[in-house]
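Participant: I'd like to ask you about the structure that follows.
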């Protein structure tokens, strides 16, 4: 299936319960610093919510739990790749998205035959401290030329207003976090995002 061009990331299943009914079709659950049982319950709940709303769930990092809970798509950062059992992941039939921030990381991402590659931060981001400066739109164009048909995700400082530029530069998908979660009206912002991105379905 083609991935939706609008790709929000949330840190709890509560966000999914709140916003999936609006028509979100691709979402990442990214939870940090929780115990395993809490993680398992959140993943399980997110899985069921996504199934009910015909939304593709992507689980960040916790590939073992994703396999055990019957999820079919994970996202791994470069550090996660150090510890992940890619053979087990593929044997379980999981699809895989990979983060990348520079040329060496892109080469490593391509080597694992991912189902998408994320490039970021495109713009400065407040989500987390990074050792990389913003990549800019030109880097999107360069990387899309290198990866060909693999979907390219733009992430980092993305807003509805910046999304058209990212698509024009070569992104297939735009990922967003704080532009929704810190918005005074997340529901309205999600609707703006869907209106701005749905014209870019592959």
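Residue numbers (the numbering used here): 651 to 852.
For every residue, glycine included, the Cβ atom is placed at its ideal position computed from N, Cα and C.
Tell me the residue span of the alpha helix (DSSP H) that contains residue 739.
Facilitator: Looking at the DSSP string, the run of the alpha helix (DSSP H) that includes residue 739 is 736 to 741.
Participant: Which same chain residues end up closer than 6 Å to residue 774 when comparing Cβ atoms and leaving out the 5 residues on each side of it in sequence?
Facilitator: So the list reads 784 and 807, once near-sequence residues are dropped.
Participant: Would you please state the rounded distance, in angstroms, between the beta carbons of residue 723 and residue 744? I believe it to be under 8 Å.
Facilitator: With a Cβ gap of about 6 Å, residue 723 and residue 744 count as contacting.
Participant: Could you tell me if residue 664 is buried or exposed, where buried requires 16 or more neighbouring beta carbons within 10 angstroms of its beta carbon?
Facilitator: Its Cβ having fewer than 16 others within 10 Å, residue 664 is exposed.
Participant: Would the beta-carbon of residue 843 fall within 8 Å of that of residue 656?
Facilitator: It is a contact, given that the beta carbons lie within the stated cut-off.
Participant: Going along the chain, which unbroken runs of the alpha helix (DSSP H) with 4 or more residues stay wholly within the stretch 669 to 722?
Facilitator: Runs of the alpha helix (DSSP H) inside the stretch 669 to 722: 686 to 702 and 713 to 718.
Participant: Please classify residue 893 as buried or exposed, where buried requires at least 16 neighbouring CB atoms within 10 angstroms.
Facilitator: Outside the shown range of the chain (651 to 852) lies residue 893, about which nothing can therefore be said.
Participant: What three-state label does DSSP hand residue 836 in the structure shown?
Facilitator: Residue 836: helix per DSSP, three-state reduction.
Participant: Can you tell me whether DSSP reads residue 725 as helix, strand or coil?
Facilitator: Of the three classes helix, strand and coil, the one that applies to residue 725 here is strand, per DSSP.
Participant: Put residue 797 into one of helix, strand or coil per three-state DSSP.
Facilitator: Of the three classes helix, strand and coil, the one that applies to residue 797 here is helix, per DSSP.
Participant: Just to confirm my understanding: we take residue 759, look at its own chain, exclude 5 residues before and 5 after, and list those with CB closer than 7 Å. What are they?
Facilitator: Here the set comprises 748, 750 and 767.
Participant: Under three-state DSSP, which class holds residue 747?
Facilitator: In the structure shown, residue 747 sits in a strand (DSSP, three-state: E or B).
Participant: How would you call residue 710, buried or exposed, if buried means at least 16 neighbouring beta carbons within 10 angstroms?
Facilitator: Its Cβ being crowded by 16 or more others within 10 Å, residue 710 is buried.
Participant: Could you name the residues of the same chain whose beta carbon sits closer than 7 Å to that of residue 694, not counting the 5 residues immediately before and after it, in chain order?
Facilitator: Hits under 7 Å: 719.
Participant: Buried or exposed: residue 861, going by 16 or more other Cβ atoms within 10 Å of its Cβ?
Facilitator: The requested residue 861 is not part of the displayed model; the chain covers only 651 to 852.
Participant: Quick check: what's the CA-CA separation for residue 671 versus residue 699?
Facilitator: If I take the Cα positions, the gap works out to 9 Å.
Participant: Could you please give the first and the last residue of the uninterrupted beta strand (DSSP E) stretch that includes residue 830?
Facilitator: Element bounds for residue 830: not the beta strand (DSSP E) but the alpha helix (DSSP H), 828 to 831.
Participant: Among all the DSSP beta bridges, which residues are the ones paired with residue 657?
Facilitator: The partner list for residue 657 (beta bridge, DSSP) reads 825.
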